[in-house]
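Trainee: Right, I'll just put the structure down here and ask away after.
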């Protein structure tokens, strides 16, 4: 073990079991960090209700077992039955050594490996990705990284919009301008221009409109030539998506694509299965399901439309097909949908219908990982100066340009190629971290100055903290691998405070995953960086009073750098070794 909170939880579980007669696995000691001590256990309160005993007496009985003597220098029963715990420095040093020699730096593997299917990013073919795709892509990617890190099987699903009526006009526009010109326009990233031109033709030219409608029929009936042209559109758009993903540093690849078209053949089966389950109703000529508990503004039952009055399928039908596929084919234990908060009711209705049909049943679960909007400084939806939706590629360009300029100003002597590389890392990191460090359910204001600042809870601040530690080892001319076995002494209060922060890495990662909230890991990382700054200012490292202290502080610095680097990596952010 390398997280003292987890170790103490196991110890107290045994102590409470001994004094209550309950099974240890059924006991939660509720151990948390505390301002009054290193940790506090509140488990006696719930156990007292369960056993009919006085909580303070129960807490004291657990302490009197002596189970905590080997790990705690002070134990106090306070209030109605809280147990305040102060760890011995020797115990903390042992935990630090365990974390230092662990590839996962003390973060436990999940006790049970589960299969997670994570639905995120989902751009549309022949449309450019914009700021609205930023949060789903970045939050989803971070959750994927954390889930993989703790040992789960993770399947990424990029549910792109690649099917439907717009493709009639898009294919006809492609035919009009020629495949070579279409490929050129799409390959240089002018997807919006291509889409806009097709839309203008559709509105202005009745013959084009008729051709487009006929092309939709041919597409739906599998006409070979129409499918070939459709695939060309998808392929060129995918190249553009991949370039954005490469620049953002997210994990999505072509193997993760699962567009609407993939479910087209499954939609009639979804309707048939709903009918066989006795769930289909008719409403205004459409086939619908009425999940209980959903009503409109008038208090009337709200239907989930699965086939409209002219026989067409819609998003709900496709989303139900997704649920069936992810459970039946991918054997998912957890379905994560990283989708904006406005889709909450739609997704909850889809999940409810899937439960009614018996497709989604315990222990399998579906979770909507909702998020708020990106706002401008006027607290309205973030737009460009011309009032248009901000393109994601333009946002990336500006982040890199601004960060590179800042790096050049701070380090004019640095090689230009290195400046460019660090600038890219800092810029992309700042863009991601500004998003991830905000509670995902809330809106956040996009502010270049704040996100690129080298002070405060920002990526540049964390990256600089990591780079500063790397510079210590360069100046010391010490190989970092040689200090991992050095004994760590915690004589100074700032050394001890830093140690406690480092040992909570496991809790921080698991807390972020439990709530699907990367901002909780960001808060932890910021606390670590601040604790290191306080330690570094109070405790000379290279000019330590003796060699043992010097090696101890180097070992503490090395573990800090490794946790900062790993934590940033879990957020999808690079950690340069110089800035």
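Residue numbers (my numbering): 1215 to 1793.
Every residue, glycine too, gets a C-beta built ideally from N, C-alpha and C.
What you are looking at is a predicted structure, and each value in this text was computed from that prediction instead of being measured.
1) Please identify the residue among 1221, 1326, 1401 whose C-alpha is closest to the C-alpha of residue 1367.
2) Shortest alpha-carbon distance to residue 1760 belongs to which of 1683, 1703, 1658?
3) Mind checking residue 1655: buried by the 16 CB within 10 Å criterion, or exposed?
4) Does residue 1497 come out as helix, strand or coil in the three-state DSSP assignment?
5) Quick check: what's the CA-CA separation for residue 1442 versus residue 1433?
6) Could you compute how far the alpha carbon of residue 1425 sits from the alpha carbon of residue 1383?
7) Considering only residues of the stretch 1358-1400, which uninterrupted alpha helix (DSSP H) runs meet the minimum length of 4 residues and lie entirely inside it, listed in chain order?
8) Output the distance between the C-alpha atoms of residue 1725 and residue 1735, rounded to the nearest integer angstrom.
9) Can you have a look at residue 1440 and say buried or exposed, based on whether 16 or more other CB atoms are within 10 angstroms of its CB?
10) Going by DSSP, which residues form a beta bridge with residue 1595?
11) When the Cα of residue 1369 is compared with those of 1359, 1377, 1376, 1375, which residue comes out closest?
12) Per DSSP, residue 1551 is paired with what?
13) Any idea which residues DSSP pairs residue 1254 with across the strands?
14) Which of the three DSSP states, helix, strand or coil, is assigned to residue 1487?
15) Could you please give the first and the last residue of the uninterrupted beta strand (DSSP E) stretch that includes residue 1543?
16) Please confirm whether residue 1716 and residue 1787 have their CB atoms less than 8 Å apart.
17) Can you tell me whether residue 1399 is buried or exposed? The criterion is at least 16 other CB atoms within 10 Å of its CB, across all chains shown.
18) Roughly how many angstroms lie between the CA atoms of residue 1247 and residue 1661, to the nearest whole one?
19) Does the contact criterion of 3 or more C-beta pairs under 8 Å hold for the stretch 1299-1315 versus the stretch 1269-1277?
20) Decide yes or no for the touch test of the stretch 1220-1235 against the stretch 1272-1280: beta carbon pairs closer than 8 Å, at least 3 of them.
21) Within 8 Å of any Cβ in chain C, is that where the Cβ of residue 1217 sits?
22) Bridge partners for residue 1338 per DSSP, in chain order?
23) Name the one or two DSSP bridge partners that residue 1509 has.
24) I'd like the list of long-range same chain contacts for residue 1461, defined as Cβ closer than 6 Å, with 5 residues on each side in sequence excluded.
25) Under 8 Å, do residue 1397 and residue 1450 count as touching if we go by C-beta distance?
26) From residue 1416 to residue 1675, what does the alpha carbon distance come to, in whole angstroms?
27) Evaluate contact between the stretch 1474-1490 and the stretch 1527-1535, counting only Cβ atoms and requiring at least three cross-stretch pairs below 8 Å.
28) Considering just the uninterrupted stretch of the beta strand (DSSP E) at residue 1292, what are its terminal residues?
29) According to DSSP, is residue 1737 part of a helix, a strand, or is it coil?
Mentor: Straight from the coordinates:
1) Considering only 1221, 1326, 1401, the residue with the shortest C-alpha distance to residue 1367 is 1326.
2) Comparing Cα-Cα distances from residue 1760 to each of 1683, 1703, 1658, the minimum goes to 1703.
3) Residue 1655 is exposed by the Cβ-count criterion.
4) Strand, per DSSP.
5) Roughly 10 Å separates the two Cα atoms.
6) Those two C-alpha atoms are separated by around 8 Å.
7) You should have 1380-1391.
8) Roughly 8 Å separates the two Cα atoms.
9) Counting of Cβ neighbours within 10 angstroms places residue 1440 among the buried residues, the total reaching 16 or more.
10) Looking at the DSSP assignment, residue 1595 forms a beta bridge with 1589.
11) Comparing alpha-carbon positions, the option among 1359, 1377, 1376, 1375 lying closest to residue 1369 turns out to be 1359.
12) For residue 1551, which the question treats as bridged, DSSP gives the partners 1333, 1582.
13) Residue 1254 is bridged to 1246, 1298.
14) DSSP places residue 1487 in helix when its eight states are reduced to three.
15) Segment: none, residue 1543 is in no beta strand (DSSP E) and carries neither H nor E.
16) Note that the C-beta distance between residue 1716 and residue 1787 is not below 8 Å.
17) Answer is buried; the Cβ neighbour count reaches 16.
18) One C-alpha to the other measures close to 33 Å.
19) These segments do not touch.
20) In this structure the stretch 1220-1235 touches the stretch 1272-1280; the number of beta carbon pairs closer than 8 Å is three or more.
21) Considering every chain present, this structure includes no chain C. It has just one protein chain.
22) 1375.
23) Bridge pairing for residue 1509: 1515 [DSSP].
24) Residues 1610 of the same chain have their beta carbon placed closer than 6 Å to that of residue 1461, with the five preceding and five following residues left out of the count.
25) Yes, the pair counts as a contact, with Cβ atoms nearer than the cut-off.
26) Residue 1416 and residue 1675: Cα-Cα distance of roughly 50 Å.
27) Contact holds: three or more Cβ-Cβ distances are below 8 Å.
28) Run containing residue 1292: 1286-1292, per the beta strand (DSSP E) assignment.
29) Here residue 1737 sits in helix by DSSP.
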